[in-house]
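Residue numbering for the sequence shown follows the UniProt record's numbering, starting at 1 and increasing by one per position. The next block holds one structure in the form of structure tokens; read it before the comments.
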Amino acid sequence: MRFDVVSIFPEYLAPLDLSLIGKARKDGLLELAVHDLRSYTQDRHRTVDDTPYGGGAGMVMKPEPWAQALTDIAEKSPKSDGARPTLIVPSPAGEVFNQKLAYELAEEEHLVFACGRYEGIDERVLEWAADSYTVRPVSLGDYVLNGGEVAVLAMVEAIGRLVPGVVGNPESLVEESHSDGLLEYPVYTKPSTWRERDIPEVLLSGNHAKIAKFRRELQLRRTAARRPDLIEALDAAALSKTERNV
Ligand code: 6GU
Numbered sequence: 001m002r003f004d005v006v007s008i009f010p011e012y013l014a015p016l017d018l019s020l021i022g023k024a025r026k027d028g029l030l031e032l033a034v035h036d037l038r039s040y041t042q043d044r045h046r047t048v049d050d051t052p053y054g055g056g057a058g059m060v061m062k063p064e065p066w067a068q069a070l071t072d073i074a075e076k077s078p079k080s081d082g083a084r085p086t087l088i089v090p091s092p093a094g095e096v097f098n099q100k101l102a103y104e105l106a107e108e109e110h111l112v113f114a115c116g117r118y119e120g121i122d123e124r125v126l127e128w129a130a131d132s133y134t135v136r137p138v139s140l141g142d143y144v145l146n147g148g149e150v151a152v153l154a155m156v157e158a159i160g161r162l163v164p165g166v167v168g169n170p171e172s173l174v175e176e177s178h179s180d181g182l183l184e185y186p187v188y189t190k191p192s193t194w195r196e197r198d199i200p201e202v203l204l205s206g207n208h209a210k211i212a213k214f215r216r217e218l219q220l221r222r223t224a225a226r227r228p229d230l231i232e233a234l235d236a237a238a239l240s241k242t243e244r245n246v
């Protein structure tokens, strides 16, 4: 899988050299390149922004450098003829990113991220780019960041770890939060008593069916308390009546 990230702050993406994603790149499972938007400007001042038509606060990113960058990247796309790369545009005005979307995007061969700064990118860039990309504005949630870079760090990590081989033990992907629409159960390690607090006794029983039932119950309690919206969204069939009454 290939990722290209375009930003006026390429250094912001340096953490993608580290940890699991950094190792996956070294192992050749993921390819990732970061491009400086200013290297696609033509003027002496390397201008990337200008004032908004219609007035208002802040600056808007100019279309020309984006067109240069996105044309160059699309021409070098590993996608076979006809198939479009996906252009993700981080924006608080996008569809909300979640685990389902992470799984969907992990199936793609080529993802390109266009990091806007200031008040955003001239809207015509997104319209024009739809000729060569599947364009998807995506938001991390209902709050505002100063630019797309931090959102790209989160999305590349969430998507990259779903690519086969990136996470050493694929079982870890099965029992984590959101894999089954619920939050994950609490976990414990040694010592079994710490500052007068015991771990739940059932975890020492060796009875795997009983442990699974206990964990499922904790998942439901925790989700109901912290994220009642997730319980509402659950398929009625996925939730037996007894479970709903815990
Ligand atoms: Cl993806 N970008 C920006 N700039 N702000 C955000 C966001 C993305 N998601 C939430 N807030």
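The beta carbon of each residue, even a glycine, is placed where N, CA and C say it ideally should be.
Could you check where the alpha helix (DSSP H) with residue i kicks off and where it finishes?
| i | result |
| --- | --- |
| Phe214 | 208-226 |
| Ile88 | Not the alpha helix (DSSP H): Ile88 falls in the beta strand (DSSP E), residues 86-96. |
| Ala158 | 149-160 |
| Arg195 | Where Arg195 is concerned, there is no enclosing alpha helix (DSSP H), given that its DSSP letter is neither H nor E. |
| Arg25 | 19-26 |
| Leu101 | 99-106 |
| Ala83 | Premise fails: Ala83 is in no alpha helix (DSSP H) and is neither H nor E. |
| Val125 | 123-129 |
Looking only at its chain, what residues have a beta carbon closer than 7 angstroms to the beta carbon of residue i, apart from the 5 residues adjacent to it on each side?
| i | result |
| --- | --- |
| Asp122 | Val60, Met61, Lys62, Pro63 |
| Glu149 | Ser7, Phe9, Tyr12, Leu13, Cys115 |
| Leu203 | Tyr188, Ile211 |
| Pro228 | none |
| Glu176 | Glu184 |
| Lys79 | Pro85, Glu109, His110 |
Quick check on the DSSP output: the beta strand (DSSP E) that includes residue i runs from which residue to which?
| i | result |
| --- | --- |
| Leu32 | 31-36 |
| Thr134 | 134-139 |
Counting contacts by CB-CB distance shorter than 9 angstroms, is residue i in contact with chain D?
| i | result |
| --- | --- |
| Pro228 | Here chain D cannot be found, since the structure has a single protein chain. |
Cβ of residue i within 9 angstroms of Cβ of residue j?
| i | j | result |
| --- | --- | --- |
| residue 251 | Pro137 | An answer regarding residue 251 cannot be provided, because it is not within the stretch 1 to 246 covered by the chain. |
| Ala33 | Val166 | no |
| Tyr185 | Arg161 | no |
| Thr134 | Pro90 | no |
| Met155 | Ala102 | yes |
| Val125 | Leu70 | yes |
| Leu30 | Phe3 | yes |
| Ala57 | Glu119 | yes |
| Ala106 | Val163 | yes |
| Ser205 | Asp198 | no |
| residue 295 | Leu145 | It is not possible to answer for residue 295, since the shown part of the chain is limited to 1 through 246. |
| Ala224 | Gly181 | no |
| Arg117 | Gly82 | no |
| Leu218 | Ile231 | no |
For residue i, is the classification buried or exposed, using 16 other Cβ atoms within 10 angstroms of its Cβ as the cut-off for buried?
| i | result |
| --- | --- |
| Ser179 | exposed |
| His110 | buried |
| Glu127 | exposed |
| Arg226 | exposed |
| Lys241 | Note on Lys241: pLDDT 45, under 50, position unreliable in the model; the coordinate value appears next. Exposed: under 16 other Cβ atoms inside 10 Å. |
| Ala129 | buried |
| Gln42 | exposed |
| Leu18 | exposed |
| Tyr53 | exposed |
| Arg44 | exposed |
| Ala158 | buried |
| Tyr143 | exposed |
Using C-beta distances below 8 angstroms, list every residue in its chain close to residue i, excluding the 5 sequence neighbours before and after it, in chain order.
| i | result |
| --- | --- |
| Arg38 | Ile8, Arg46, Val48, Pro65 |
| Glu108 | Met1, Pro85, Thr86 |
| Asp50 | Met59, Val60, Lys62 |
| Asp27 | Gly165 |
| Asn169 | none |
In this structure, how does DSSP classify residue i when only helix, strand and coil are distinguished?
| i | result |
| --- | --- |
| Lys241 | Annotation note: pLDDT 45 at Lys241 (below 50); position unreliable, coordinate value reported separately. DSSP places Lys241 in helix when its eight states are reduced to three. |
| Pro52 | coil |
| Arg117 | coil |
| Leu111 | strand |
| Ser7 | strand |
| Val60 | strand |
| Ala14 | helix |
| Ala74 | helix |
To which residues of the same chain is residue i closer than 6 angstroms at the C-beta, ignoring the five residues directly before and after it?
| i | result |
| --- | --- |
| Ser132 | Ala74 |
| Arg195 | none |
| Asp36 | Pro10 |
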